[in-house]
Structures are given as C-alpha cells and as structure tokens.
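In numbering that gives the first Met the number 0, the protein residues as written are 0 to 317.
Only one structure is covered here, and it is reproduced in the block below.
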Amino acid sequence: MAEKITTRFRRLIKDPKLLLIPGGFSPLGARMSEEVGFEAFFLAGSQSSAFLYGLPDIGLMGRKEMAEATQNITAVSDIAVFVDCDTGYGNSVNAYHAVQGYVRAGAAGLHIEDQEFPKLSGTGAGRRCISVEEAVGKYKAAVAARDAIDPDFVICARCDLIGADGGSFDAAVERCIAYVEEAKVDLIWLNNVQEKGQIEEAAKRIPGAVMPTFGGAPPAPSLEELEAWGIAAAIFPAMTTSVGLQATWEFLNDFKKRGEAAADERREQTRASKWGAVRFSAFSTPNADMVKEIEDKYLPEESQRDYENTFGHFAPPS
Numbered sequence: 000m001a002e003k004i005t006t007r008f009r010r011l012i013k014d015p016k017l018l019l020i021p022g023g024f025s026p027l028g029a030r031m032s033e034e035v036g037f038e039a040f041f042l043a044g045s046q047s048s049a050f051l052y053g054l055p056d057i058g059l060m061g062r063k064e065m066a067e068a069t070q071n072i073t074a075v076s077d078i079a080v081f082v083d084c085d086t087g088y089g090n091s092v093n094a095y096h097a098v099q100g101y102v103r104a105g106a107a108g109l110h111i112e113d114q115e116f117p118k119l120s121g122t123g124a125g126r127r128c129i130s131v132e133e134a135v136g137k138y139k140a141a142v143a144a145r146d147a148i149d150p151d152f153v154i155c156a157r158c159d160l161i162g163a164d165g166g167s168f169d170a171a172v173e174r175c176i177a178y179v180e181e182a183k184v185d186l187i188w189l190n191n192v193q194e195k196g197q198i199e200e201a202a203k204r205i206p207g208a209v210m211p212t213f214g215g216a217p218p219a220p221s222l223e224e225l226e227a228w229g230i231a232a233a234i235f236p237a238m239t240t241s242v243g244l245q246a247t248w249e250f251l252n253d254f255k256k257r258g259e260a261a262a263d264e265r266r267e268q269t270r271a272s273k274w275g276a277v278r279f280s281a282f283s284t285p286n287a288d289m290v291k292e293i294e295d296k297y298l299p300e301e302s303q304r305d306y307e308n309t310f311g312h313f314a315p316p317s
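Given below as structure tokens:
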C-alpha cells in the first residue's frame, strides 16, 4: 500500500536531514520542483495573491481560493503540498473549518500565523499578534480538526512576533514553546529571525521541529549550518516565482530595446543551458502523448485527429 502524502510529509519533517521546501503558487512550479527532486512544495498566499490578482499579501486570498489552488496542484503532482492558511481566516472556529477543508483538498500540511485578522505580510512592518492564549486555543482547534480526519496531517504554527508590535525574540520563543507543549503542533515556523545565533538558540529551546526564516543582515545561515543545528526544514516561499519574475523583467526590457536580437540571444542561452530547455508540455497532465493515447483508445475512428499529416510546435510522435 502506498504511503499517504500526509504520512510522508510528517516523516520528512521528523527526519534529521534538512527538508528543503521551495514555494510558489502554480501546479507548474510544483511539477518542476517535483521533477528536480524536491519532496515538498509550499503553496504561498503571498505569491498566489500577487500572481493571480496583482495584490499584496494582506489576507485577501480566501480559504476557498487556496483550497482550489491546492487541488489544482495535487491533481497533477505527487509532491507534498504545504499550504499557507494565513491566520486561519478568523478565530478558532474558522481555523477548525479551514483545516478540514485543506485535508480534504489533498494537502500534506499547513501553517497558521499568530497575527491578528486581517493580517499583514509576515515580513512587513505594522504586524500585530493575537494573545498567546488566543493563539494556543486556535492551534488546539486546528489539531482537533486534523485529528478528526487524518492524524498524520501536519499542523504548523507560524510565529510572527519578532518585529511585530511589542514583540521580541525571547517572547517569540516562549510563544513557540507554548504552541508545542500546550497546543501540540507538529512544526514551528519562527519567522523573521534577525541573528544567526538566535536560530541555533531557538532550536535548542523549542521542544519540537523548528523551521526558521532569516530576516537579518547577510550572510544568511547556510543549509549545512541549519542541518547541524537540528533545524527540521528550510522554506523558500517565492523560489519558483521570484527567479522567473526577475528573468521576465530583464527580458521585457531587453526586447523593448533590442527587439528580435534579444529573443535570438535568449534562445541561444536556452539551448546552451546545462539543464536543458523547459517546456510547458513537459509538465502538463495530460500531455500530448497521453491525449493521443486516450483518443486512440476511446474515440471512434472518424473522430480521431490526424497527427500524421498535420504539425505544430509539440505534436505527439507517430
């Protein structure tokens, strides 16, 4: 019997080996991450809001939109999808309902932030967090909702207190300890840590799996350092989007200035890439070959398409 995706993700979080989690918003980004060999993918609310609606990360993406985005990924990929659940979309009642929706959508786990609702970006100024008592209650509700359907589903508490109104590193760590000991969450995301040494300290003080994000002055801690400190996972929420965004910006400017010469140069660079050219069709399900196979198997002969005497960019082989 195949291992459940939630069981696999839980196992990866507990493994001493550092789990790398690239993020983005699309099935294509998830499929490429899976093809390269990553074992988990973060469906980021910030990236979904930006790329789908051109809006900032201020809690405008709703539960249904993110659940649908989850299903779009899980329908075409076997990668473990870790979902951004913002603040749980309200209080403990909303969080309970949201968790069960994501379990049913096929996610492997999710995180809920301890910010006030409506939230702000976890990396921006102006953040305010709810009381530790309210946060613990919300995480308890999330765990209970999970246990009622799939006990292996991973519940992550994201602490946004560092840099927030009235926040500090020590206060954030104390919150995280409560989230583990009282609410029994599976993973702690300690956000916006400002000093490398604080990451090692947090890993020692928090009695559970820890996934920090570093917001201090460079250099950031290396992956080797994170693993040596016992960190469970390293998450990169915009990995599949920020690189593509920059490449698009550069090419648009270059093409506007140089025209077809810029396109020719880009094609040459693509052909010379040691990773090969990436094509949409390679990560689409069903792909062209599958479409032809289904047509041949299930359509009457007079309805089947002529692939022998027609052509296109990515026509299936004969």
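Backbone N, C-alpha and C define an ideal beta-carbon position, used for all residues, glycine too.
Cα separation between residue i and residue j?
i, j, result
"residue 316", "residue 286", "At residue 316 the pLDDT is 44, less than 50, meaning the model places this residue with poor confidence and gives no usable figure here."
"residue 109", "residue 303", "44 Å"
"residue 135", "residue 119", "20 Å"
"residue 24", "residue 236", "9 Å"
"residue 86", "residue 20", "21 Å"
"residue 18", "residue 153", "14 Å"
"residue 249", "residue 46", "20 Å"
"residue 189", "residue 176", "11 Å"
"residue 62", "residue 88", "7 Å"
"residue 143", "residue 162", "30 Å"
"residue 74", "residue 33", "13 Å"
"residue 3", "residue 254", "47 Å"
"residue 247", "residue 310", "29 Å"
"residue 314", "residue 277", "Note that residue 314 scores a pLDDT of 46, beneath 50, so its modelled location is shaky; the value from the coordinates is reported in the next line. So the two alpha carbons sit approximately 16 Å from each other."
"residue 29", "residue 67", "15 Å"
"residue 166", "residue 215", "16 Å"
"residue 252", "residue 54", "23 Å"
"residue 194", "residue 274", "35 Å"
"residue 206", "residue 158", "15 Å"
"residue 200", "residue 145", "30 Å"
"residue 84", "residue 288", "36 Å"
"residue 256", "residue 241", "23 Å"
"residue 99", "residue 36", "29 Å"
"residue 291", "residue 76", "21 Å"
"residue 42", "residue 301", "43 Å"
"residue 72", "residue 268", "30 Å"
"residue 131", "residue 261", "54 Å"
"residue 126", "residue 168", "15 Å"
"residue 220", "residue 147", "38 Å"
"residue 52", "residue 123", "19 Å"
"residue 271", "residue 38", "28 Å"
"residue 27", "residue 243", "12 Å"
"residue 174", "residue 56", "24 Å"
"residue 192", "residue 306", "56 Å"
"residue 202", "residue 266", "46 Å"
Assign residue i to one of three DSSP states: helix, strand, or coil.
i, result
"residue 80", "strand"
"residue 116", "coil"
"residue 39", "strand"
"residue 307", "coil"
"residue 111", "strand"
"residue 5", "helix"
Rounded to the nearest angstrom, how far is the Cβ of residue i from that of residue j, given a contact under 8 Å?
i, j, result
"residue 101", "residue 82", "5 Å"
"residue 149", "residue 9", "10 Å between Cβ atoms; not a contact."
"residue 320", "residue 70", "With the chain covering only 0 through 317, there is no way to say anything about residue 320."
"residue 319", "residue 44", "The question about residue 319 has no answer, for the chain in this structure spans 0 to 317."
"residue 232", "residue 78", "Actually they are not in contact, since the Cβ atoms of residue 232 and residue 78 sit about 14 Å apart, beyond 8 Å."
"residue 139", "residue 182", "5 Å"
"residue 113", "residue 59", "Wrong, their Cβ atoms sit about 19 Å apart, outside the cutoff."
"residue 22", "residue 239", "7 Å"
"residue 320", "residue 226", "Any question about residue 320 goes unanswered here, given that the chain covers just 0 to 317."
"residue 80", "residue 40", "6 Å"
"residue 141", "residue 187", "Not confirmed; about 13 Å, so no contact."
Under the DSSP definition of a beta bridge, which residues are partnered with residue i?
i, result
"residue 19", "233"
Run through the region 149-215 for me and flag every whole alpha helix (DSSP H) of 4 or more residues, listed as ranges in chain order.
168-180, 195-204
In chain order, which continuous runs of the beta strand (DSSP E) of length 3 or greater are located wholly inside the region 51-108?
79-83
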